[in-house]
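Report on one structure; see the data block that follows.
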Amino acid sequence: MISRTFKRTRKSHQELTLQNRQLQNSLDEMERVNKNYLRIMRVMAHDLRNPLSGITGLATMLMVEDELSEDCKSMLKLIETTGLHSMEMINELLKTGLADENEQVVKQTLDLKSLLYDSVELLQFKARDKQQQILFEHNNEPVMAHVNHEKIWRVINNLIVNAIKFSYSGEIIKVGIKTASGRVLISVADNGIGIPADQKDTIFEMFTPAKKNGTNGEQPFGLGLSISKRIIELHNGNIWFENNTGKGTIFYIELPGLD
89 MISRTFKRTR
99 KSHQELTLQN
109 RQLQNSLDEM
119 ERVNKNYLRI
129 MRVMAHDLRN
139 PLSGITGLAT
149 MLMVEDELSE
159 DCKSMLKLIE
169 TTGLHSMEMI
179 NELLKTGLAD
189 ENEQVVKQTL
199 DLKSLLYDSV
209 ELLQFKARDK
219 QQQILFEHNN
229 EPVMAHVNHE
239 KIWRVINNLI
249 VNAIKFSYSG
259 EIIKVGIKTA
269 SGRVLISVAD
279 NGIGIPADQK
289 DTIFEMFTPA
299 KKNGTNGEQP
309 FGLGLSISKR
319 IIELHNGNIW
329 FENNTGKGTI
339 FYIELPGLD
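Sequential numbering from 89 applies to the sequence shown in this note's numbering.
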């Protein structure tokens, strides 16, 4: 009996050793794939700087032309600003090695209402491609907060682009901002296809399975909301969503405000 017990124990030990070896091999393969992924992303981020720099430079040059109307100069200014912010985001990615586990956020005091206004104006053209309209609901008072401009700009743009992507032609998207009890509340509401109940718990996950094409077949990537959630948490804020009345979704961002 002792002999049989010893044999069984030795067999179990051998099986456990084999399982540990297989697990280690799997972990090594995952690490290799992750390193390849980071290398590809770094190359892509690096190579994107040249066309963005060119676009920004051309916009800057065109703005000094006397023949252009004020509306055209305003649009060129938006192109220039967007290009500069995109360049800053790419440089930030390259500087941090595309890793943000211990990321330090450099913040500035700025007017969030002005930031939202620029985002709405920039993306109004994208909405018009689908015969949509973006309404910006606000009062005329500045809404000051201590945030990182590029990161919050990234979140707002992502939410508005998603609203455009998942709304049908002819719909209205509402972007709002207000303050209450020392907090800033930003909302992006659409009347689109909504989020199914069985996907609500995974919508903020990295590479979420809750992906679907836009109303015009736009390609989903499943990264934007995860990145947005991480950014808002780095600002000691919250991001969540609710069902819109009738159909669609309302995304909310709550951030600390300044008195």
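Glycine included, every Cβ here is placed at the ideal spot set by N, Cα and C. Everything numeric in this text was worked out from a predicted model, so none of it was measured.
Limits of the beta strand (DSSP E) - the one that residue i falls within
i, result
"S275", "271-277"
"L48", "Outside the displayed range of the chain (89 to 347) lies residue 48, so it cannot be described from this structure."
Cβ-based burial, residue i [other Cβ within 10 Å; buried from 16]
i, result
"W328", "exposed"
"E229", "exposed"
"P344", "exposed"
"V152", "exposed"
"A285", "exposed"
"R120", "exposed"
"K239", "buried"
"G336", "buried"
"E158", "exposed"
"L164", "buried"
"I90", "exposed"
Expected contact under 8 Å - CB spacing of residue i and residue j to nearest Å
i, j, result
"K118", "T144", "Note on identity: in this sequence residue 118 is Met, with Lys being the wrong assignment. Wrong, their Cβ atoms sit about 38 Å apart, outside the cutoff."
"K195", "H234", "5 Å"
"K256", "T303", "Checking the displayed sequence, the identity of residue 256 turns out to be Tyr instead of Lys. Their Cβ separation, rounded to whole angstroms, is 5 Å, which keeps Y256 and T303 in contact under 8 Å."
"N236", "G312", "Actually they do not touch by this definition, with Cβ atoms about 17 Å apart."
"I274", "F254", "Rounded, the Cβ-Cβ distance is 18 Å, inconsistent with contact."
Candidates the options, of which the one nearest residue i by Cα
i, options, result
"L223", "V243, V272, K195, A277", "A277"
"N245", "T97, I341, Q219, D289", "I341"
"S269", "V231, L247, K288", "V231"
"I319", "D206, M177, G264", "M177"
"V272", "G258, H323, K288", "H323"
"G325", "Q287, N332, V243", "V243"
Beta-carbon gap between residue i and residue j smaller than 7 Å
i, j, result
"K35", "H226", "Only positions 89 to 347 of the chain appear in this structure, which leaves residue 35 out of reach."
"K214", "I252", "yes"
"L166", "L136", "no"
"F339", "K317", "no"
Element boundaries [alpha helix (DSSP H), containing residue i]
i, result
"L247", "237-253"
"G312", "312-322"
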